[in-house]
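Below: the structure, in structure tokens.
There are 2 protein chains.
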Amino acid sequence: MSEGVEWGLHCCVTLAWLGDEEPVPAARLAERFQLPPAYLNKCLQALGRAGILTSTPGARGGFRLARAPERITLLDLVTAIEGPEEAFRCTEIRQRCAEANPASREFLRPCAIAAAMHKAELAWRKELAAQTLADLSAAAPRSARDAALRWFGRGEND
Amino acid sequence: MSEGVEWGLHCCVTLAWLGDEEPVPAARLAERFQLPPAYLNKCLQALGRAGILTSTPGARGGFRLARAPERITLLDLVTAIEGPEEAFRCTEIRQRCAEANPASREFLRPCAIAAAMHKAELAWRKELAAQTLADLSAAAPRSARDAALRWFGRGEND
DNA sequence: CCGAATCTGGATAAATATCATCCAGGATGC
DNA sequence: GCATCCTGGATGATATTTATCCAGATTCGG
Ligand code: SF4
Ligand code: SF4
């Protein structure tokens with residue numbers, strides 16, 4: 001799984017803590033986590049395209065959550081970064097069997113192997129969809145949240 | 001996910017169909033699915049090390065299932081090929097926070113993010129562990145099994 | 001005992017995906 | 001106007017996956 005998922009999760013949790021009063025520049029988030037600014041920006045762009053973040057260009061611009069943390073699931077986030085493809089990609093090696101008969105109808109329906117892997121993938125997605133950003137930010141210790149607020153200079157007004 | 005998982009699944013289902021009367025050479029399995037023989041062999045070796053297949057060297061040697069298909073789960077197979085690491089690897093970017101305080105005990109316990117991703121991974125593994133090779137070979141259409149038996153020249157005695 | 005078949009495992013190379021940087025363009029606020 | 005900041009494409013570096021090859025070791029059949 002791409003490293004950007006971890007980055008995106010941390011950034012989103014942080015944005016949830018900060019509230020969406022004013023956007024946070026990508027460079028500032030990168031600085032916070034000591035991540036490569038340009039590449040983190042690419043990840044945040046992906047989250048923007050997925051409708052998880054909204055971006056405002058220009059001075060005093062940046063990123064903020066596009067909707068309430070309660071309505072952003074981990075599945076949304078993972079899908080935005082990793083893409084919608086399943087982990088198990090079937091390459092249809094079955095059809096390459098030496099005596100494969102193209103006329104056979106058997107190859108049209110998904111086989112048991114693909115179905116089994118798909119079922120497991122669904123269980124994974126379901127679990128991710130059951131957890132929201134709000135859960136994450138609530139589960140973190142208060143001290144972590146306070147530290148983030150302080151670091152971003154929002155300690156007093158929130 | 002590595003392509004070898006699909007190969008391994010197909011090979012194991014086929015081996016389950018063929019029974020373990022006599023082993024099947026890797027080259028023959030590769031021929032069956034039109035896969036690169038040398039690389040497929042590497043995958044089968046991994047299954048061997050994981051205790052899913054047993055290999056017999058020498059003439060008339062090859063691979064066979066190490067135990068009954070009912071006792072080989074998809075999780076066994078996937079883990080053997082993909083390795084035991086979880087998809088989500090935490091790189092502890094939290095500790096890189098600008099004001100990270102090494103003395104803080106907060107960094108010792110796993111954070112909410114890692115816990116959430118781990119929970120989803122467990123759901124995936126659980127689903128994989130619930131399905132066995134026997135389920136797969138039973139779910140496949142009879143014609144597929146018959147074709148495999150015929151192709152391997154085992155149509156008469158099984 | 002000999003030779004063909006077959007696995008083992010390490011070295012190596014090719015192909016691909018991931019990670020990272022850079023830059024020109026456009027938008028926004030001061 | 002100018003500094004800030006996002007956008008998106010091009011490009012390069014690095015890591016992983018895929019694939020090949022070869023020198024042993026083992027077994028079988030004759
Ligand atoms: S038989 Fe199933 S797993 Fe194999 S190639 Fe076809 S769909 Fe994929
Ligand atoms: S806070 Fe959680 S997800 Fe982030 S680096 Fe630490 S353990 Fe990993």
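As you go down the protein sequences, you meet chains A and B in turn. Be aware that the first sequence starts at 1, since it is given in the working numbering, and climbs by one per residue. Be aware that the second sequence starts at 1, since it is given in the working numbering, and climbs by one per residue. Heads up, the beta-carbon is just placed ideally off N, CA and C, and yes, glycines get one too. Being a predicted model, the structure only gives us computed values, none of them experimental.
| Query | Result |
| --- | --- |
| Spatial distance of A120/B from A123/A (CA atoms) | 8 angstroms |
| At least 3 beta-carbon pairs within less than 8 angstroms: the region 63–72 of chain B vs the region 15–23 of chain B | yes |
| DSSP-derived helix/strand/coil call for F63/B | strand |
| Interface partners of C111/B on chain A, CB under 7 angstroms | A140 |
| Residue interval of the beta strand (DSSP E) (run including L53/B) | 53–56 |
| Buried or exposed by the 16-neighbour rule on C-beta atoms within 10 Å, applied to E70/B | exposed |
| Backbone CA spacing between I68/B and T54/B [nearest angstrom] | In the sequence on display, residue 68/B carries Ala and not Ile. If I take the Cα positions, the gap works out to 12 angstroms. |
| Residues bridged to V24/A [DSSP beta-bridge criterion] | F63/A |
| Where T91/B sits in the DSSP three-state scheme | coil |
| L9/B and L75/B closer than 9 angstroms at C-beta | no |
| Pair within 9 angstroms by beta-carbon distance, C111/B and R89/B | no |
| Inter-residue CB distance, I81/A and C12/A (contact presumed, cutoff 8 angstroms) | Not confirmed; about 11 angstroms, so no contact. |
| Host alpha helix (DSSP H) of R145/B (start-end) | 142–151 |
| From A50/A, R32/A, M1/A, P36/A, residue whose alpha carbon lies closest to that of L15/A | R32/A |
| Any C-beta of chain B under 9 angstroms from that of I93/A | yes |
| Exposure of E85/B, with buried meaning 16 or more beta-carbon neighbours within 10 Å | exposed |
| Listed by chain order, chain B residues near E3/A by CB distance under 7 angstroms | T91 |
| 8 angstroms Cβ cut-off: residues of chain B touching H10/A | I93, R94, I113 |
| T14/B - partner residues in DSSP beta bridges | Per DSSP, none; premise fails for T14/B. |
| Within-9 angstroms CB hit, W17/B to chain A | no |
| Closer than 8 angstroms at the beta carbon, the chain B residues around L74/A | A116, M117, A120 |
| Under 7 angstroms by beta carbon: chain B residues contacting L136/A | A112, I113, A116 |
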